[in-house]
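All remarks here apply to the structure that follows.
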Amino acid sequence: MTLDPITLTVIQSGLQQVCDEMDLSFSRAAFSPVIAEANDRSDGIYSAEDGSLIAQGSQGLPVFVGVMQYSTATLIRMIEEGKVVAPKPGDIYIVNDPYLGGTHLMDVRFAMPVWRNGETLELELTPKRTDEPLPEGGYHTVYRIGIVGGLAFEPATSMVGPVEAFTGGVERTWSIITGSLSGLWNMVIGNISSCNLSGPIGIAQTSGAMASQGGQSFITFIAVLSTAVGLLNLFPVPVLDGGHLVFHAWEAVSGKPPSDRALNVLMSIGLILILSLMTFALTNDLFCP
25 MTLDPITLTV
35 IQSGLQQVCD
45 EMDLSFSRAA
55 FSPVIAEAND
65 RSDGIYSAED
75 GSLIAQGSQG
85 LPVFVGVMQY
95 STATLIRMIE
105 EGKVVAPKPG
115 DIYIVNDPYL
125 GGTHLMDVRF
135 AMPVWRNGET
145 LELELTPKRT
155 DEPLPEGGYH
165 TVYRIGIVGG
175 LAFEPATSMV
185 GPVEAFTGGV
195 ERTWSIITGS
205 LSGLWNMVIG
215 NISSCNLSGP
225 IGIAQTSGAM
235 ASQGGQSFIT
245 FIAVLSTAVG
255 LLNLFPVPVL
265 DGGHLVFHAW
275 EAVSGKPPSD
285 RALNVLMSIG
295 LILILSLMTF
305 ALTNDLFCP
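Residue numbers (our numbering): 25 to 313.
If you want it as structure tokens, here you go:
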């Protein structure tokens with residue numbers, strides 16, 4: 025079978041990510057610091073035909089990955105010869121015989137068969153257009169299929185004082201506001217796709233994705249969403265708080281509030297604008313790739 029470089033890279037990165045996640049789970053579940061901190065272990069994916077190595081984790085000791093393929097090859101041969109019971113879904117083989125591909129008696133190898141019952145699966149990927157901001161300003165368009173790498177370690181964190189936390193919060197809020205305004209303006213003038221405007225379905229999907237990544241990612245997303253919604257609410261559109269501020273400003277300048285007729289007309293226009301925006305965002309959720 026011949027694969028083009030892009031397909032090969034996608035498959036290779038996916039298998040590498042699986043191994044890295046096994047590495048991380050192994051390390052977190054370990055009671056011994058020899059395994060959890062010294063990385064005295066390894067993980068890999070091996071061929072069901074001859075036990076040869078297909079992919080390995082980026083953490084751990086490579087020597088174990090190298091010898092594990094001999095354990096896997098021996099296990100496959102013993103299953104074919106009937107010396108070992110054939111696996112069923114969910115079965116895991118445990119091997120600690122150094123003559124079957126180990127380094128010493130303390131080594132324990134786990135092998136879990138994975139198969140698709142001989143069925144060939146065809147997956148179709150549709151790249152999604154993403155307009156990403158540039159450090160120097162502006163945007164550039166890229167197409168992504170949604171596969172990203174994860175961290176094989178926990179990022180270091182540190183406590184900050186109230187002054188530094190307040191300053192950082194103000195800077196982050198200002199960054200969200202300027203980024204939101206820049207994105208809206210570039211959508212209006214056509215520099216970026218209007219599909220960047222998401223509705224309730226897109227927000228719910230993103231919220232679920234952030235929640236699956238942990239509490240910190242979810243809280244950060246809620247903060248960004250709240251800031252963006254608060255900014256939208258301050259737009260000078262009737263029925264929004266920004267529209268009411270405009271009415272109060274008019275009353276302060278003219279000395280009298282707008283007439284009831286003018287208020288009714290402006291409120292109706294504002295409501296139509298908001299409903300149109302919501303319909304447009306919902307359409308993006310349903311039809312944008």
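For glycine and all other residues, C-beta sits at the position ideal for the given N, C-alpha and C. None of the values given here were measured: they were computed from a predicted structure.
- Beta-bridge analysis with DSSP links ILE118 to PHE134.
- Excluding five sequence positions before and after CYS43, the CB atoms of its chain that fall closer than 7 Å to its own CB belong to ASP67, GLY68, ILE69, ALA79, GLN80, GLY81, given in chain order.
- Within the segment 28 to 61, the complete alpha helix (DSSP H) segments at least 4 residues long are 29 to 53, 57 to 60, listed from N- to C-terminus.
- The beta carbon of PRO282 is closer than 8 Å to those of PHE271, TRP274, GLU275, LEU290 in its chain, skipping five residues each way along the sequence.
- Your pair MET136 and ILE118 does not check out as a contact, with CB atoms roughly 10 Å apart and the cut at 8 Å.
- Rounded to whole angstroms, the Cβ separation of ASN63 and GLN83 is 6 Å, and the two are in contact under 8 Å.
- Cβ atoms of SER51 and ILE59 come within 8 Å of each other, at about 7 Å.
- Here ASP284 carries a helix assignment [DSSP, helix/strand/coil].
- By the beta-carbon neighbour count (other beta carbons within 10 angstroms, threshold 16), SER95 is buried.
- In the structure shown, GLU156 falls within a strand segment according to DSSP collapsed to helix, strand and coil.
- Here DSSP, grouped into helix, strand and coil, assigns GLN240 to helix.
- Look at the segment 241 to 283 and you find these whole runs of alpha helix (DSSP H), each 4 residues long or longer: 265 to 278.
- Looking at the backbone, the Cα of THR181 and that of GLN240 are separated by about 12 Å.
- Judged by DSSP secondary structure, ILE201 falls within the alpha helix (DSSP H) whose first and last residues are 186 to 212.
- For the pair ILE216 and PRO157, the Cα-to-Cα distance works out to about 10 Å.
- When the five nearest sequence neighbours on each side are left out, the beta carbons in the same chain lying within less than 8 Å of the beta carbon of GLY294 are those of VAL261, PRO262, VAL263, LEU264, GLY267, in order along the chain.
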